[in-house]
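In my numbering, the protein residues as written are 81 to 298. Worksheet: the structure to be examined is printed underneath.
Structural data, given as structure tokens:
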């Protein structure tokens, strides 16, 4: 596994997929001939309508999809898409979902359990709870049942497990009022930890106050 991600360069990458969005029906996303260089310690807004590829980019960089054309370079070395599985994180999930748990055959772990089960790292469980402003009353719940606090909780879990690339699902403008403060907090923490944060959005109005770079998808 790559321990430190200094740069990710995508060269003419194309892919098609249906990224999962909690409480929403999946929509087909097509990323076409996308090229860009992402640098550690920065937050990127990927601006475009749903389906134009922002959600697909998040799915690729979080290790959710492997089919692609084009080149992927990490730290200036050619890699395959599967390299993102151990280092990428799809924010809003907890990484512990399984087919059995979705069928109700296996109970998912609570937020606290997942933080406590993470390998030793730079932060203790209590430090992460404080850092991300997680509510004590919701720590004993599964991530599906903590409303919009799941964005903070999911990012905290990813950081606890040493992930380096954090990718949000596509966010429409209607979510601006309920998620902007959470995005800003997560961005600040991840920058301090030299992580890369990808936020696909309908317009830059959600993120313009704190992102380092805005990338428009045609």
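All residues carry an ideal CB built from backbone N, CA and C; glycine is no exception. Small disclaimer: the values here were computed from a predicted structure and weren't measured.
Shown here, residue 136 sits in a helix according to DSSP, grouped into three states.
Under the three-pair Cβ rule at 8 angstroms, the segment 233-246 counts as touching the segment 274-291.
Taking one beta carbon from each stretch, the segment 105-123 and the segment 86-93 have 3 or more pairs nearer than 8 angstroms; the two touch. The three-state reading of DSSP puts residue 107 in coil, since its state is none of H, G, I, E or B. Only residues of its own chain outside the window of five on either side were considered, and among them 102, 188, 230 have a CB closer than 8 angstroms to the CB of residue 224, listed in chain order. The bridge partners DSSP lists for residue 169 are 246. Taking C-alpha positions only, residue 194 is separated from residue 253 by approximately 31 angstroms. In the structure shown, the three-state DSSP call for residue 283 is coil. For residue 95, there is no enclosing alpha helix (DSSP H); the residue is found in the beta strand (DSSP E) stretching over 87-97. Distance from the CA atom of residue 202 to the CA atom of residue 289, rounded to whole angstroms, is 28 angstroms. In the structure shown, residue 143 adopts coil according to DSSP, grouped into three states. For residue 198, there is no enclosing alpha helix (DSSP H), as DSSP marks it with neither H nor E. In the DSSP secondary-structure assignment, residue 295 is bridged to 126. Counting only residues of its own chain and dropping the five nearest sequence neighbours on each side, residue 262 has a CB closer than 6 angstroms to the CB of 231, 232. One thing to note: residue 86 has its Cβ within 9 angstroms of the Cβ of residue 155.
Between the segment 130-147 and the segment 209-217 there are fewer than three inter-stretch CB-CB distances shorter than 8 angstroms, so the stretches are not counted as touching.
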